[in-house]
Amino acid sequence: TKSPPLPVRPGSPLPPFRLAARNLLQARRTRLFRLVSSSPYRRYRHAPRSPVAMSDSKREASPTENAAPLKRGKNRGCANHCRRFWWLHLIIFCCIAVLVVCLVIFVGIPNIAQAKLNDADLEVHGINILNSQAGSYTIEINSTITTDGTVHADIDPFDGNMTLADIQDAPAFATLQFPKTTADKHQDVNISQPVQVTNLEAFDQFNIAFFQNQTVRVKIAGKTKVQPAGLSRKSDVDFVKILDLAGLNLLNGSRVADGTVDLKASKGETNFRGTAEIPNASLFTLDIGNATFTNFADGKNLGNLTINNLFLRPGTNMVNVSASLDQLAILGIIAKRPYCQNGIIPFKLLGVDVENRGQKIPYFLAALASANQTVNVDIGSILKKTLGGSFNLTCTS
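Quick note, the sequence shown lines up with residues 2 to 398 if you use my numbering.
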């Protein structure tokens with residue numbers, strides 16, 4: 002291809018230097034025109050194409066041609082938005098931060114404190130019921146609370162209501178005043194306080210369950226506040242613990258270890274004195290007082306038995322007993338089988354009176370009168386000790 006010639010006015014000869022310049026300019030235009038004509042862009046642009054090919058090429062080329070401008074447009078738009086509304090983003094961030102802090106303080110920390118309190122273990126080492134009176138008593142509890150020690154906090158003092166856990170909506174039979182404690186890994190919790198019997202029916206119900214069963218479940222519940230270390234705000238938590246406490250189990254295993262019979266005593270006077278062995282499998286120390294029982298054997302009422310100053314401690318208790326018994330009825334029973342074979346008569350004892358410091362103690366009486374206690378008495382050995390060789394066991398029926 003040749004570039005078009007430079008225009009020359011007809012009939013006007015050129016001087017030699019003008020002619021040389023014209024030829025040089027014409028040569029440069031020719032080279033430039035050749036370069037442009039031979040470039041791929043020019044061939045692609047001027048090459049004949051079918052409509053389908055042109056459509057496909059447009060579709061293929063459009064993403065490449067438009068991608069860069071769109072991307073640059075989005076980045077510029079985001080930057081412009083941030084420059085214009087940075088204050089709005091700052092306000093949103095501050096609101097989110099405040100919301101998170103409030104959720105942690107008002108929701109997260111109370112939930113953590115409640116979970117730690119739920120996981121804490123309350124262990125009771127001893128319970129003393131002392132100074133028993135008709136409408137009050139003194140309670141002493143030695144216990145420990147054990148935690149994992151990962152959270153350091155102070156627990157406010159609170160009132161804990163004691164109820165029977167196995168009875169739905171059971172009324173409280175006592176209220177304990179828990180002192181201020183900490184969430185240390187091992188914390189001693191000792192309570193000593195007078196208790197007024199405000200619900201005698203509920204306290205009777207507890208004493209009956211405690212006396213009759215091998216185990217009694219007691220629920221202690223109350224509301225308190227926990228203040229984690231480093232925070233000034235206290236969180237409300239619920240203190241709920243269920244304790245499995247060993248009961249008296251009807252004082253099973255009680256027996257009269259030794260005794261003497263007064264055959265010369267008048268009717269209605271004390272004619273039997275002895276020593277009884279009473280086991281207490283619980284952790285309770287009980288200041289009961291003077292307890293009187295009606296005695297039954299072989300279906301007959303044999304009289305009353307009294308234990309003065311009954312003070313039950315955990316373990317085996319040796320106590321003095323005295324009784325006014327129907328001696329003739331006992332001699333008739335000891336002659337029957339199977340009692341005449343070993344001389345042991347099982348007595349059924351049922352509480353009829355409890356007094357302490359001159360006052361009737363209704364809650365202890367409710368327990369002792371709720372069920373019979375079986376006490377084995379070796380009447381054969383006692384009679385032989387009293388009468389000597391003149392007494393021998395003989396079965397008449």
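All C-beta atoms in this analysis are idealised placements derived from N, C-alpha and C, irrespective of residue type, glycine included.
For residue i, three-class secondary structure by DSSP
i           : result
residue 1   : Look at the range of the chain in this structure, 2 to 398, and you will see that residue 1 is not part of it.
residue 347 : strand
residue 128 : strand
residue 332 : helix
residue 120 : helix
residue 112 : helix
residue 232 : coil
residue 265 : coil
residue 70  : Below a pLDDT of 50, predicted positions are generally treated as unreliable, and residue 70, at 49, falls in that range; no measurement from the model is reported.
residue 372 : coil
residue 56  : Only weak support exists for where residue 56 lies, its pLDDT of 47 falling under 50; the coordinates are left without a value.
residue 175 : strand
residue 393 : coil
residue 78  : helix
residue 253 : coil
residue 147 : strand
For residue i, the residue or residues it bridges with in DSSP
i           : result
residue 156 : 182, 227
residue 222 : 162, 241
residue 248 : Paired residue(s): none; residue 248 is not in a bridge.
residue 379 : 345
residue 138 : 196
residue 357 : 360
residue 259 : 276
residue 167 : DSSP, once it has assigned bridges, lists no residue as partnering residue 167.
residue 216 : 247
residue 24  : Answer is none; residue 24 lacks a bridge partner.
residue 191 : 143
Distance between residue j and residue i (C-alpha atoms, nearest Å)
i           : j           : result
residue 1   : residue 26  : In this structure the chain extends from 2 to 398, so residue 1 is not present and cannot be described.
residue 71  : residue 150 : Note on residue 71: pLDDT 47, under 50, position unreliable in the model; the coordinate value appears next. Going by the C-alpha atoms only, they are around 59 Å apart.
residue 397 : residue 387 : 21 Å
residue 395 : residue 377 : 19 Å
residue 229 : residue 123 : 20 Å
residue 61  : residue 85  : Note that residue 61 scores a pLDDT of 46, beneath 50, so its modelled location is shaky and nothing firm can be said.
residue 199 : residue 360 : 17 Å
residue 112 : residue 258 : 57 Å
residue 1   : residue 153 : Here the chain covers residues 2 to 398 and nothing more, so residue 1 does not appear.
residue 271 : residue 323 : 7 Å
residue 393 : residue 295 : 28 Å
residue 381 : residue 318 : 24 Å
residue 365 : residue 288 : 10 Å
residue 344 : residue 385 : 10 Å
residue 177 : residue 375 : 34 Å
residue 166 : residue 325 : 41 Å
residue 292 : residue 315 : 18 Å
residue 337 : residue 346 : 10 Å
residue 252 : residue 311 : 13 Å
residue 205 : residue 164 : 12 Å
residue 21  : residue 76  : 57 Å
residue 237 : residue 224 : 7 Å
residue 355 : residue 144 : 29 Å
residue 29  : residue 23  : 10 Å
residue 173 : residue 203 : 7 Å
Residue i: CB within 7 Å of a non-hydrogen atom of the ligand GTP
i          : result
residue 76 : As presented, the structure is devoid of all ligands, the ligand GTP included, so that no description of it is given.
Count Cβ pairs between the segment 127 to 134 and the segment 279 to 290 that sit closer than 8 Å; are there 3 or more?
yes
Is there contact here, the segment 169 to 187 with the segment 253 to 266, by at least three beta-carbon pairs under 8 Å?
no
Would you list, in sequence order, the uninterrupted alpha helix (DSSP H) runs of no fewer than 4 residues that lie entirely inside the segment 269 to 338?
328 to 335
Touch check for the segment 217 to 227 and the segment 239 to 246: three-plus C-beta pairs under 8 Å?
yes
Assess contact between the segment 358 to 375 and the segment 198 to 216, defined as three or more Cβ pairs (one per stretch) separated by less than 8 Å. Is contact present?
Verdict: yes, contact present.
The segment 148 to 165 / the segment 131 to 138 touching (three or more Cβ pairs under 8 Å):
With the cut-off at 8 Å, the segment 148 to 165 and the segment 131 to 138 do not touch.
May I ask you to verify whether the segment 323 to 331 touches the segment 295 to 310, counting CB pairs closer than 8 Å and requiring at least 3?
yes
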